[in-house]
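Reviewing the structure listed below.
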Amino acid sequence: MRGLRRYAPPLIWLLVLVLTAVYLSRLEPLFAWLEPDRQTVVYPRQSFVALLLQHAAIVAVAAALAIALGVGAAIGVTRRAGEEFLPLVSQLASIGQTFPPVAVLALSVPALGYGAEAVVVALVLYGLLPIVRNTLAGLQAVDRGVLESARGIGLSPWQTLLWVELPIAAPAIMGGIRTSVTINIATAAIGSTIGANTLGNPIISGIVNGNMAFTLQGAVLIGLMAVTVDSAFSRIA
Amino acid sequence: MVLALGGLAVLALWGLDAVRIQPNRIVSGTGHGLIEALGTGPALLVMLPLALVMALAWRPTRGREALMLMLVTAMLAAMPWALSLFIGQFIDDPGGAARAAVSGASWLVGFALILMLIDLRQRLQPGALVTLVLIAVSLGSLGVAFGRGALDSLALVQEYEVRRAAFAEAIVNHLILVGVAVGASLVLALGLALWMRRVAGVRQGVLGVLSFIQTIPSLALFGLLLAPLAWLASRFPLLSDLGIQGIGWAPALLALVGYSLLPMTRNTFIALDGVDPDVIEAARGMGLAPLQVFFQVRLPLALPLLIEGIRITTVQAIGLAAVAALIGAGGLGTFIFQGLGQAAMNLVMLGALPIVLMAMLVDALLKALADAARRGDADDRTG
Numbered sequence: 618m619r620g621l622r623r624y625a626p627p628l629i630w631l632l633v634l635v636l637t638a639v640y641l642s643r644l645e646p647l648f649a650w651l652e653p654d655r656q657t658v659v660y661p662r663q664s665f666v667a668l669l670l671q672h673a674a675i676v677a678v679a680a681a682l683a684i685a686l687g688v689g690a691a692i693g694v695t696r697r698a699g700e701e702f703l704p705l706v707s708q709l710a711s712i713g714q715t716f717p718p719v720a721v722l723a724l725s726v727p728a729l730g731y732g733a734e735a736v737v738v739a740l741v742l743y744g745l746l747p748i749v750r751n752t753l754a755g756l757q758a759v760d761r762g763v764l765e766s767a768r769g770i771g772l773s774p775w776q777t778l779l780w781v782e783l784p785i786a787a788p789a790i791m792g793g794i795r796t797s798v799t800i801n802i803a804t805a806a807i808g809s810t811i812g813a814n815t816l817g818n819p820i821i822s823g824i825v826n827g828n829m830a831f832t833l834q835g836a837v838l839i840g841l842m843a844v845t846v847d848s849a850f851s852r853i854a
Numbered sequence: 203m204v205l206a207l208g209g210l211a212v213l214a215l216w217g218l219d220a221v222r223i224q225p226n227r228i229v230s231g232t233g234h235g236l237i238e239a240l241g242t243g244p245a246l247l248v249m250l251p252l253a254l255v256m257a258l259a260w261r262p263t264r265g266r267e268a269l270m271l272m273l274v275t276a277m278l279a280a281m282p283w284a285l286s287l288f289i290g291q292f293i294d295d296p297g298g299a300a301r302a303a304v305s306g307a308s309w310l311v312g313f314a315l316i317l318m319l320i321d322l323r324q325r326l327q328p329g330a331l332v333t334l335v336l337i338a339v340s341l342g343s344l345g346v347a348f349g350r351g352a353l354d355s356l357a358l359v360q361e362y363e364v365r366r367a368a369f370a371e372a373i374v375n376h377l378i379l380v381g382v383a384v385g386a387s388l389v390l391a392l393g394l395a396l397w398m399r400r401v402a403g404v405r406q407g408v409l410g411v412l413s414f415i416q417t418i419p420s421l422a423l424f425g426l427l428l429a430p431l432a433w434l435a436s437r438f439p440l441l442s443d444l445g446i447q448g449i450g451w452a453p454a455l456l457a458l459v460g461y462s463l464l465p466m467t468r469n470t471f472i473a474l475d476g477v478d479p480d481v482i483e484a485a486r487g488m489g490l491a492p493l494q495v496f497f498q499v500r501l502p503l504a505l506p507l508l509i510e511g512i513r514i515t516t517v518q519a520i521g522l523a524a525v526a527a528l529i530g531a532g533g534l535g536t537f538i539f540q541g542l543g544q545a546a547m548n549l550v551m552l553g554a555l556p557i558v559l560m561a562m563l564v565d566a567l568l569k570a571l572a573d574a575a576r577r578g579d580a581d582d583r584t585g
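Given below as structure tokens:
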């Protein structure tokens, strides 16, 4: 019961998001009132559910890769074998953060061409940075005394990492993942300008054709999606 | 570290194309690698300095690291000229339609060299003057090469030549958009932070609302602002006479200020709130009036953190202003989205590279300013 209450806000947001995606096209009269001179007032090319799923899939794949690579890299450079790379990786993570996400997205096109793959690569590259930085900060903040006593009770380096270091660093790591995913939801929306199918499609199409109804539909759904994910993270982290 | 990066650079030169020669603007053209174009012998000669650096990195001492630093800087400085010579092999008339796009190997080598520079600088910890000279030499060489027309065959340069005026205008537009948004949010944030300090209850509420705005993706917020502003403009002709419409700078500026408020307000509040109460007490004890305490004691002490907030906000705004080009706000993002629409990759870069540079420059400048403010504090206290 308490668990349910705890997770109620994200679940309610999720329900609102899904219902909106499914039934948005039923609100045609409302959009017709907004754009009285138009014949089509509901984005026609793909269903909102399909766009939502594709948007979520791009973000999820990118997040999974970024988490695996980012946490892995941060663990690697904090072990003795990877010490050599620690200053470079932490500097790269802080320099990379000044790169605007849009620029990373745009620069991935000359390298990879148009399409969802280029968007995923850009999202992984950019999403890595907050995860690496936060994981590094979390791992480096683990008290030396705690590590000593872990060794003292006979834990192997692997066991120390899994049972001591990662649990202590977990809140910081989750914070990094949250930042990463939030930025990626936004950047994936812009990804529709480089040929990926996301909820950005109706927005861009609406701007290009001067049809506010399309823009509004995409914007409401992306906003709901972002709020749902953020609300879920605020319960977990 | 340097060893690994040097290896990466050599492999890139070995296996990837250095430039792509395009017969005209849109055709993607054919790639040319170093070995294929020069033959194995001369190509190895080009890689010699890289090999030298890697040999030095094998058993690094401080002296060798200094030598490596000089070599790497020299290579960076030589890159534009080497590129120019290399392109000259393929393109005879620099004014013609044919052009060269910088390709994989060149990007990777440049990237690896910059990373080496960062790594070596970190190890040697040279003074600010040496760092400045290093940057001046590598950027200066690029500037001179550009000025003398050595890079005129580069597609990026050609895209620029066609739209010199538009480029200058886009940069100014971008800066104005960012500057006004950051300035407005700074004023608002100061007000909000003071309010939050006065009335304890509003703190959670204000930060909650601001972080809610921050979670809404930029494209969505721009989209959501279009409709109401268009409606307002159609209802009140005065507003549209002022240029406030659905499309254009108005929604962009509104959204930018909205996004800027969270980092700005949070940092301003923490900065003002974090000043040691004993210091304030002492200032009051010395008979300063409340306003004097604020402007002569609290604000100067809060300055480093305040500048930190401005830095984070400005870097974020530079990126977001690029997205604003989608709703017709102008700025460098215009080139990105035009280029994406026309499949003209060099136009995309003409927009994206200056944005990245601008963000890094602002970041470095404001970091230095925050450091200076911090040192100023320390001086005051000791002196």
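For the protein sequence lines, the chains are A and B, in the order given.
Position 115, counted from 1, in the first sequence is what my numbering calls 732; the numbers after and before it change by one each time, with no gaps.
Position 295, counted from 1, in the second sequence is what my numbering calls 497; the numbers after and before it change by one each time, with no gaps.
Cβ atoms here follow ideal geometry from the backbone N, Cα and C, with glycine treated the same way.
Remember, it's a predicted structure, so these values are computed and weren't measured experimentally.
#1: Helix, strand or coil: which one does DSSP assign to B/Arg-219?
#2: I need the straight-line Cα distance from B/Trp-451 to B/Gly-385, nearest angstrom please.
#3: Along the chain, where does the alpha helix (DSSP H) containing B/Ala-531 start, and where does it finish?
#4: Once the 5 residues before and after A/Ala-830 are set aside, which same chain residues still bring their CB inside 6 Å of it?
#5: Select from the segment 403-437 of chain B all residues with a C-beta closer than 7 Å to any C-beta belonging to chain A, and list them in chain order.
#6: Considering only their Cβ atoms, is the gap separating A/Gly-744 from A/Ala-789 smaller than 8 Å?
#7: Which residues in the same chain as B/Gly-460 place their Cβ atom closer than 6 Å to its Cβ, once the five residues preceding and following it in sequence are excluded?
#8: Taking the continuous beta strand (DSSP E) assigned at B/Thr-232, which residues delimit it?
#9: Exposed or buried, what is B/Asp-219 when buried is set at 16 or more other beta-carbons lying within 10 Å of its beta-carbon?
#10: List the endpoints of the continuous alpha helix (DSSP H) containing A/Arg-852.
#11: Please list, in chain order, all residues of the same chain as A/Ser-858 whose beta carbon is under 6 Å from its beta carbon, the five residues on each side excluded.
#12: Strictly by DSSP, which residues pair up with A/Arg-768?
#13: Counting only Cβ pairs nearer than 9 Å, list the residues of chain B close to A/Ala-735.
#14: Using the C-alpha atoms, what's the distance from B/Arg-350 back to A/Leu-631?
#15: Whether or not the segment 766-778 of chain A and the segment 727-737 of chain A are in contact is what I'm after, with contact meaning three or more pairs of Cβ atoms, one per stretch, closer than 8 Å; do they touch?
#16: Name the DSSP bridge partner or partners of B/Ala-302?
#17: Any residues in the segment 648-662 of chain A with a beta carbon nearer than 9 Å to a beta carbon of chain B? Which ones, in chain order?
#18: In chain C, what lies closer than 9 Å to A/Leu-833 by C-beta?
#19: Is DSSP giving B/Ile-293 helix, strand or coil here?
#20: Considering Cα atoms alone, identify which of B/Ala-566, B/Ala-575, B/Arg-576 and B/Gly-578 is closest to B/Ala-330.
#21: Nearest by alpha-carbon distance to A/Ala-685: which of A/Gly-808, A/Val-749 and A/Val-706 is it?
#22: Assuming B/Thr-379 contacts B/Ala-545 under a Cβ cut-off of 8 Å, what Cβ separation, rounded to an integer in Å, is found between them?
#23: Rounding to the nearest angstrom, what Cα-Cα distance links B/Lys-569 and B/Leu-334 in this structure?
#24: List, in chain order, every chain A residue whose beta-carbon is nearer than 9 Å to that of B/Phe-539.
#25: Measuring alpha carbon to alpha carbon, tell me which residue in A/Asn-801, A/Thr-810, A/Gly-808 and A/Thr-695 is nearest B/Ile-418.
#26: Could you tell me whether the segment 762-774 of chain A touches the segment 802-812 of chain A, where touching means 3 or more Cβ pairs closer than 8 Å?
#27: At least one CB of chain A closer than 8 Å to the CB of B/Val-459: is that the case?
#28: May I ask you to report which of helix, strand or coil DSSP gives A/Arg-697?
#29: Going by alpha carbons, who is nearest to B/Gly-558 out of B/Leu-456, B/Phe-424, B/Ala-523 and B/Arg-500?
#30: Quick one: what's got a C-beta closer than 7 Å to A/Ala-638's C-beta in the same chain, skipping five residues either side?
#31: Taking Cβ-Cβ distances shorter than 9 Å, what residues in chain A pair up with B/Asp-321?
#32: At a Cβ threshold of 8 Å, is A/Asp-760 touching chain B?
#33: Which residues of the segment 632-643 of chain A have a Cβ closer than 9 Å to any Cβ of chain B? Give them in chain order.
#34: Tell me whether B/Ala-386 sits in a helix, a strand or coil according to DSSP, three-state version.
#35: Within the 8 Å Cβ cut-off, does B/Ala-245 reach chain A?
#36: Could you tell me whether any Cβ in chain B is nearer than 8 Å to the Cβ of A/Phe-665?
According to the structure shown:
#1: Indexing the second sequence from 1 puts residue 219 of chain B at position 17. Position check: residue 219 of chain B holds Asp in this sequence, whereas Arg was assumed. B/Asp-219 falls in the strand class under three-state DSSP.
#2: Working through the second sequence from its first residue, we reach residue 451 of chain B at position 249. Working through the second sequence from its first residue, we reach residue 385 of chain B at position 183. Between the alpha carbons of B/Trp-451 and B/Gly-385 lies a distance of about 16 Å.
#3: One-based indexing of the second sequence puts residue 531 of chain B at position 329. If you look at B/Ala-531, you'll find it isn't in any alpha helix (DSSP H); DSSP assigns it neither H nor E.
#4: Locating residue 830 of chain A in the first sequence gives position 213, counting from the first residue. These residues qualify, in order along the chain: Phe-648, Leu-651, Glu-652 and Val-658.
#5: Across the segment 403-437 of chain B, CB contacts with chain A closer than 7 Å involve Thr-417, Ile-418, Pro-419, Ser-420, Leu-421, Ala-422, Gly-425, Leu-426, Leu-428, Ala-429 and Ala-432, in sequence order along the chain.
#6: Counting from 1 along the first sequence, the entry for residue 789 of chain A is found at position 172. Counting from 1 along the first sequence, the entry for residue 744 of chain A is found at position 127. Their beta carbons are not under 8 Å apart, which means A/Ala-789 does not touch A/Gly-744 by this criterion.
#7: Translated into the one-based positions of the second sequence, residue 460 of chain B becomes position 258. Result list for B/Gly-460: Ile-415, in chain order.
#8: Sequence index remark: in the second sequence, residue 232 of chain B carries index 30 (1-based). It spans 232-235 - the beta strand (DSSP E) in which B/Thr-232 sits, taken as one unbroken run.
#9: Looking up residue 219 of chain B in the second sequence gives position 17. When all chains shown are included, B/Asp-219 counts as buried.
#10: Translated into positions along the first sequence, residue 852 of chain A becomes position 235. Unbroken alpha helix (DSSP H) run through A/Arg-852: 829-853.
#11: Examination of residue 858 of chain A is not possible in this model, given that chain A is present from 618 through 854 alone.
#12: Sequence index remark: in the first sequence, residue 768 of chain A carries index 151 (1-based). Looking at the DSSP assignment, A/Arg-768 forms no beta bridge with any residue, so it has no partner.
#13: Taking the first sequence and counting its residues from 1, the one referred to as residue 735 of chain A is at position 118. Neighbours of A/Ala-735 on chain B: none; closest Cβ ~11 Å, over 9 Å.
#14: Along the first sequence, one-based indexing puts residue 631 of chain A at 14. Along the second sequence, one-based indexing puts residue 350 of chain B at 148. The straight-line gap from Cα to Cα measures roughly 59 Å.
#15: The segment 727-737 of chain A, when compared against the segment 766-778 of chain A, does not touch it at the 8 Å Cβ threshold.
#16: Within the second sequence, numbered from 1, the residue matching residue 302 of chain B stands at position 100. Bridge partners of B/Ala-302: B/Ile-223 and B/Leu-356.
#17: Within the segment 648-662 of chain A, the residues whose Cβ lies closer than 9 Å to some Cβ of chain B are Leu-651, listed in chain order.
#18: Going by chain labels, chain C is absent from the structure shown, which instead holds the protein chains A and B.
#19: Your numbering for residue 293 of chain B matches position 91 in the second sequence. In this structure, B/Ile-293 counts as coil in the three-state DSSP scheme.
#20: The residue you call residue 330 of chain B lines up with position 128 of the second sequence. Nearest C-alpha to B/Ala-330: B/Ala-566.
#21: As a first step, residue 685 of chain A must be located in the first sequence, where it is residue number 68. Looking at A/Gly-808, A/Val-749 and A/Val-706, the one whose alpha-carbon comes closest to that of A/Ala-685 is A/Val-749.
#22: Counting from 1 along the second sequence, the entry for residue 379 of chain B is found at position 177. Counting from 1 along the second sequence, the entry for residue 545 of chain B is found at position 343. Note that residue 379 of chain B is Leu in the sequence shown here, rather than Thr. Wrong, their Cβ atoms sit about 27 Å apart, outside the cutoff.
#23: Your numbering for residue 569 of chain B matches position 367 in the second sequence. Your numbering for residue 334 of chain B matches position 132 in the second sequence. Taking the straight line joining both Cα atoms gives about 15 Å.
#24: Stepping through the second sequence from its first residue, residue 539 of chain B is reached at position 337. Per Cβ cutoff of 9 Å: Ala-723 and Thr-810.
#25: Along the second sequence, read from residue 1 onward, the residue named residue 418 of chain B stands at position 216. Cα-wise, what sits closest to B/Ile-418 is A/Asn-801.
#26: Remark: fewer than three beta-carbon pairs, one from each stretch, lie closer than 8 Å, so the segment 762-774 of chain A and the segment 802-812 of chain A are not flagged as touching.
#27: For this step, residue 459 of chain B is matched to residue 257 along the second sequence. By this cut-off, B/Val-459 is not an interface position.
#28: As a working mapping, residue 697 of chain A is identified with position 80 in the first sequence. Coil at A/Arg-697, not helix or strand.
#29: Counting from one through the second sequence, the residue named residue 558 of chain B turns up at place 356. Strictly speaking, residue 558 of chain B in this sequence is Val, with Gly absent from that position. Nearest of B/Leu-456, B/Phe-424, B/Ala-523 and B/Arg-500 to B/Val-558, Cα basis: B/Ala-523.
#30: For the purposes of this step, residue 638 of chain A is taken as residue 21 along the first sequence, with counting starting at 1. The residues are Phe-665, Val-666, Leu-669 and Leu-838.
#31: For this step, residue 321 of chain B is matched to residue 119 along the second sequence. Result: Pro-704, Leu-705 and Gln-708.
#32: One-based indexing of the first sequence puts residue 760 of chain A at position 143. With 8 Å as the cut-off, A/Asp-760 does not count as an interface residue toward chain B.
#33: Those residues of the segment 632-643 of chain A that come within reach of chain B (Cβ to Cβ, closer than 9 Å) do not exist; the list is empty.
#34: As a first step, residue 386 of chain B is located in the second sequence; it is residue number 184 there, counting from the start. Looking at B/Ala-386 - three-state DSSP - the assignment turns out to be helix.
#35: One-based indexing of the second sequence puts residue 245 of chain B at position 43. Not one chain A Cβ lies under 8 Å of B/Ala-245.
#36: Mapped onto the first sequence, residue 665 of chain A falls at position 48. Chain B contact via Cβ: absent.
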